[in-house]
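Let me begin by presenting the structure, written as structure tokens, before commenting on it.
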DNA sequence: CTATTTTAGGACAAAAGACTCTCTAAAACC
DNA sequence: GGTTTTAGAGAGTCTTTTGTCCTAAAATAG
């Protein structure tokens with residue numbers, strides 16, 4: 072798998088938050104039910120995003136989490152780096168330490184091209200873009216049901 | 072990580088075998104020492120490749136494994152599919168079941184493009200190509216030492 | 001037939017990832 | 001102050017991946 076499950080959950084949660092008005096905090100419990108991820112596990116993942124400065128959190132009644140920046144300024148790359156770290160974008164495809172321009176493995180050049188393509192995808196996709204696409208084409212973030220589920224839930 | 076460790080080990084072993092004359096069997100023990108992978112673990116991985124028809128194996132003295140087809144006819148894709156299976160090339164980037172053209176997630180189109188790039192890299196890289204590149208530019212398959220290590224070892 | 005070399009196969013151990021549960025701390029409301 | 005609602009943090013469990021070890025089976029050589 073390209074991304075860990077934690078990372079995928081973090082992405083789905085971030086997209087969900089991007090559908091919301093950024094002025095109110097969304098309780099993780101409610102969010103976990105809407106996007107169908109275990110409450111406690113999602114809490115742990117979002118703690119990482121909060122620690123990395125992607126989310127604001129607030130305790131107590133009417134508390135929860137929200138995006139710290141506008142959805143247009145957060146990309147998938149930000150979330151992936153916060154959860155899975157940079158390994159995907161730096162490691163050698165054959166797992167060799169120090170593989171690089173000076174000391175490459177046979178796959179190095181081709182892999183560098185592919186990696187750029189992955190990088191490009193992650194950097195060019197803002198949360199805002201994904202929400203716009205989700206809204207206009209009724210895409211989905213859950214096993215069943217379309218995008219309106221997120222907007223209402 | 073894009074590929075599992077088992078898969079990466081399988082790739083390195085396959086490239087190593089492609090440097091050899093395909094008429095003789097190479098003992099896994101010797102190979103494991105040259106490419107620096109645990110003997111028993113590598114044995115398990117190569118058993119999968121043998122079971123999938125990519126390798127021939129032979130027991131007893133002067134036994135070992137060898138490529139079943141010419142190195143020009145085996146691609147990285149063959150090895151990846153044999154070990155990691157097709158998930159990388161079929162699964163939704165957000166982990167949603169049944170994500171496809173009819174029922175996509177917001178990331179579906181962009182991910183499809185990236186996935187094609189990965190597919191392209193794996194399918195267009197034959198073992199022969201990698202060995203040629205390795206020989207001509209002294210690339211490496213191990214932590215230390217260049218390609219001649221494989222040719223001699 | 002016996003000893004040796006090699007793959008095949010299964011049981012087992014260690015580490016990492018995924019997930020659960022419980023308790024604490026902060027904030028709000030009464 | 002006491003109760004409720006929420007995130008934070010830690011311990012603990014389950015599963016998958018990674019890796020080790022031991023025995024069996026096949027082939028060869030004497």
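Chains as they are written, first to last, in the working numbering: chain A, 72 to 224; chain B, 72 to 224.
C-beta atoms are modelled at their ideal positions from N, C-alpha and C, and glycine is treated no differently.
Here the structure is a predicted model, which is why all the values come from computation and not from measurement.
Selected residue, minimal CA-CA separation from residue 149/B, among 86/B, 215/B, 223/B, 224/B: Indexing the second chain from 1 puts residue 149/B at position 78. Ranking the options by Cα distance to residue 149/B, first place goes to 86/B.
Sufficient close CB pairs (3 or more, under 8 Å) joining the region 196 to 203 of chain A to the region 133 to 145 of chain A: yes
Interface flag, residue 177/A vs chain B, CB-CB below 8 Å: Here residue 177/A refers to the residue found at position 106 when the first chain is read from its first residue. Yes, residue 177/A counts as interfacial toward chain B.
Chain A contact for residue 181/B (CB, 8 Å cutoff): The sequence position of residue 181/B within the second chain is 110, counting from 1. So yes, residue 181/B belongs to the interface.
DSSP state of residue 187/B mapped onto helix, strand, coil: Indexing the second chain from 1 puts residue 187/B at position 116. Here residue 187/B sits in helix by DSSP.
For residue 81/B, three-class secondary structure by DSSP: Here residue 81/B corresponds to residue number 10 of the second chain, with the count starting at 1. When secondary structure is reduced to three states using DSSP, residue 81/B falls in the helix class.
Neighbourhood of residue 74/B by C-beta, 7 Å cutoff - its chain only, sequence neighbours within 5 removed: Within the second chain, numbered from 1, the residue matching residue 74/B stands at position 3. Within the same chain, Cβ atoms closer than 7 Å to the Cβ of residue 74/B are found at 151, 155, the five residues on either side in sequence being excluded.
N- and C-terminal bounds of the beta strand (DSSP E) containing residue 129/A: Here the question's residue 129/A lines up with position 58 in the first chain. Run containing residue 129/A: 126 to 129, per the beta strand (DSSP E) assignment.
Per-residue contacts from residue 142/B into chain A (C-beta, under 9 Å): Taking the second chain and counting its residues from 1, the one referred to as residue 142/B is at position 71. The premise fails here: residue 142/B is roughly 12 Å from chain A at the closest Cβ pair, so nothing lies under 9 Å.
Collapsed DSSP secondary structure at residue 156/A in the structure displayed: Translated into positions along the first chain, residue 156/A becomes position 85. Residue 156/A: coil per DSSP, three-state reduction.
With 16 other Cβ atoms within 10 Å as the buried cut-off, status of residue 84/B: As a position in the second chain, residue 84/B is number 13, starting the count at 1. The residue is buried, with at least 16 neighbouring Cβ atoms inside 10 Å.
Contact set between the region 92 to 107 of chain A and chain B, restricted to residues whose Cβ is under 9 Å from the partner: So the list is empty, because no residue satisfies the distance condition.
Three-state secondary structure assigned by DSSP to residue 97/B: In the second chain, counting from the first residue as 1, residue 97/B sits at position 26. Of the three classes helix, strand and coil, the one that applies to residue 97/B here is strand, per DSSP.
Contact list for residue 223/B against chain A, beta-carbon separation under 9 Å: For the purposes of this step, residue 223/B is taken as residue 152 along the second chain, with counting starting at 1. Near residue 223/B there are no residues of chain A at all, since even the closest Cβ is about 17 Å away, more than 9 Å.
Chain A contact for residue 85/B (CB, 8 Å cutoff): Counting from one through the second chain, the residue named residue 85/B turns up at place 14. Output row for residue 85/B: interface = no.
Validate contact between the region 178 to 198 of chain A and the region 155 to 167 of chain A using beta carbons, cut 8 Å, 3 pairs: yes
Span of the beta strand (DSSP E) around residue 135/B: Start at 1 with the first residue of the second chain, and residue 135/B comes out as number 64. Residues 135 to 138.
Test: residue 161/A CB closer than 8 Å to a CB of chain B: Here residue 161/A corresponds to residue number 90 of the first chain, with the count starting at 1. For residue 161/A, the answer is no, since every Cβ of chain B falls outside 8 Å of its Cβ.
Three-state secondary structure (DSSP) of residue 207/A: The residue given as residue 207/A occupies position 136 in the first chain. Three-state DSSP puts residue 207/A in a helix.
Residue-chain proximity (residue 168/A, chain B), Cβ-Cβ < 8 Å: What you label residue 168/A is simply residue 97 of the first chain in a count that begins at 1. Yes, residue 168/A counts as interfacial toward chain B.
Counted within 10 angstroms of its Cβ, other Cβ atoms place residue 109/A as buried (16 or more) or exposed: If you number the first chain from 1, residue 109/A lands on position 38. Around the C-beta of residue 109/A, fewer than 16 other C-beta atoms lie within 10 Å, and the residue is accordingly described as exposed.
Three-state secondary structure assigned by DSSP to residue 90/A: Residue numbering aside, residue 90/A sits at position 19 when the first chain is read from its first letter. Three-state result, residue 90/A: coil.
Residues near residue 165/B in its chain [Cβ-Cβ closer than 7 Å; skip 5 each side]: The residue you call residue 165/B lines up with position 94 of the second chain. Beyond the five residues adjoining it in sequence on each side, residue 165/B comes within less than 7 Å, by CB distance, of 176, 178 in the same chain, given in chain order.
Cβ contact (3+ pairs, closer than 8 Å) linking the region 206 to 221 of chain B and the region 97 to 116 of chain B: yes
Alpha-carbon to alpha-carbon, residue 212/B and residue 95/A: Here the question's residue 95/A lines up with position 24 in the first chain. Here the question's residue 212/B lines up with position 141 in the second chain. For residue 95/A and residue 212/B, the distance between alpha carbons rounds to 53 Å.
The alpha helix (DSSP H) enclosing residue 112/B, as first and last residue numbers: For the purposes of this step, residue 112/B is taken as residue 41 along the second chain, with counting starting at 1. Residues 110 to 122.
Closer than 8 Å at the beta carbon, the chain B residues around residue 201/A: One-based indexing of the first chain puts residue 201/A at position 130. Residues of chain B passing the Cβ test: 177, 178.
Nearest neighbour of residue 117/A, chosen from 132/A, 80/A, 92/A [CA to CA]: Reading the first chain from its first residue, position 46 is the one you call residue 117/A. The shortest C-alpha separation from residue 117/A is found at 80/A.
Host alpha helix (DSSP H) of residue 219/B (start-end): Locating residue 219/B in the second chain gives position 148, counting from the first residue. From DSSP, the alpha helix (DSSP H) with residue 219/B extends over 219 to 223.
Which of helix, strand or coil DSSP assigns to residue 196/B: Numbered from 1 along the second chain, position 125 holds the residue referred to as residue 196/B. Three-state result, residue 196/B: coil.
Residue 98/A to residue 129/A span [Cα, whole Å]: Along the first chain, read from residue 1 onward, the residue named residue 98/A stands at position 27. Along the first chain, read from residue 1 onward, the residue named residue 129/A stands at position 58. Rounded to whole angstroms, the separation of the alpha carbons of residue 129/A and residue 98/A is 9 Å.
Separation of residue 91/B from residue 167/B, as counted between CA atoms: Against the second chain, residue 167/B aligns to sequence position 96. Against the second chain, residue 91/B aligns to sequence position 20. Taking the straight line joining both Cα atoms gives about 43 Å.
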